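What follows is a single structure, written as structure tokens, with notes after it.
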Amino acid sequence: GGGLHHAMTFQGRGFCQFNDIAIAARAIQKKGEVKKIAVIDIDAHKGDGTAQIFEKDSSVATFSIHMASGWPLDSERHNERGELNPWFVPSDVDVPVESGEESLYCQKLEKGLNKLENEFGPFDFSIIVAGSDPYEKDGLQSSSPLKLSLEQMLRRDRIVYEFFKKRKIPQLYVLSGGYGEHAHEPYIQFLDSMITEL
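Residue 446 is where the sequence shown starts when you use our numbering, and the numbers rise one by one after that.
Encoded structure:
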């Protein structure tokens, strides 16, 4: 399903061998019609690889709403030479969510998207890294600090979808993280909600 957001310029990380998000962004830009792309990462884990790849590239703005603690932010911020470890490279807009702040998630998401638009927009295209691992029934232990209900997951997905739809900005979705027998449930309800609109 794509969304290999942990892979960096120098190596793969966290189940991600290469960053297909970055490859897609470059392929889209190469066609010449799209200049500015927003990468919206709503996976449970910080979109560290994508942030690192586009750190000095103003043509791609990165946004990540993620667990405030846990992998990949559970290691030392700086290496033995005092340099920032690359998984701590900030996105253009980072929105950390503490465990227990699930009721604030959607509010933080909306505020963060508005900040991204105001500070880095306008955008010609968007790539949504729509991991289902913030879901409370996800099977991956490292995503357990964030536990959104199925209803909250739908609200999350609709906020992002409607934000770009309202602005008539094309959206490309990649699935990213999602583990275990319930991983499909957030995706199915989101697709059902769009079918209902037709």
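The beta-carbon is built from N, C-alpha and C at its ideal position, and this holds for glycine as well.
All of these numbers come straight from a predicted model, not from anything done at the bench.
According to the Cβ coordinates, are residue i and residue j closer than 8 Å?
i: ALA628; j: SER577; result: yes
i: VAL574; j: ILE498; result: no
i: SER514; j: LYS480; result: no
i: LEU518; j: GLU547; result: no
i: ASP537; j: ALA506; result: yes
i: CYS551; j: ILE604; result: yes
i: GLN634; j: LEU599; result: yes
Looking only at C-alpha atoms, which of the options sits nearest to residue i?
i: PHE609; options: PRO567, LYS582, GLY625; result: PRO567
i: VAL540; options: GLN586, GLY492, ASN530; result: GLY492
i: GLU596; options: ALA452, GLN462, LYS582, PRO590; result: LYS582
i: PHE455; options: GLU607, LEU620, PRO531; result: PRO531
Under three-state DSSP, which class holds residue i?
i: GLN616; result: strand
i: MET651; result: Outside the displayed range of the chain (446 to 643) lies residue 651, so it cannot be described from this structure.
i: ASP637; result: helix
i: ARG522; result: coil
i: LEU593; result: strand
Give the DSSP bridge partners of residue i, in chain order.
i: PRO541; result: HIS511
i: ILE482; result: VAL505, PHE570
Using a Cβ-based criterion (distance less than 7 Å to any ligand heavy atom), does residue i qualify as near the ligand ADP?
i: MET598; result: With respect to the ligand ADP, the structure shown offers nothing to examine, as it has no ligands at all.
| said: So, does the region 481 to 488 touch the region 556 to 572, judging by three or more C-beta pairs under 8 Å? | reply: yes
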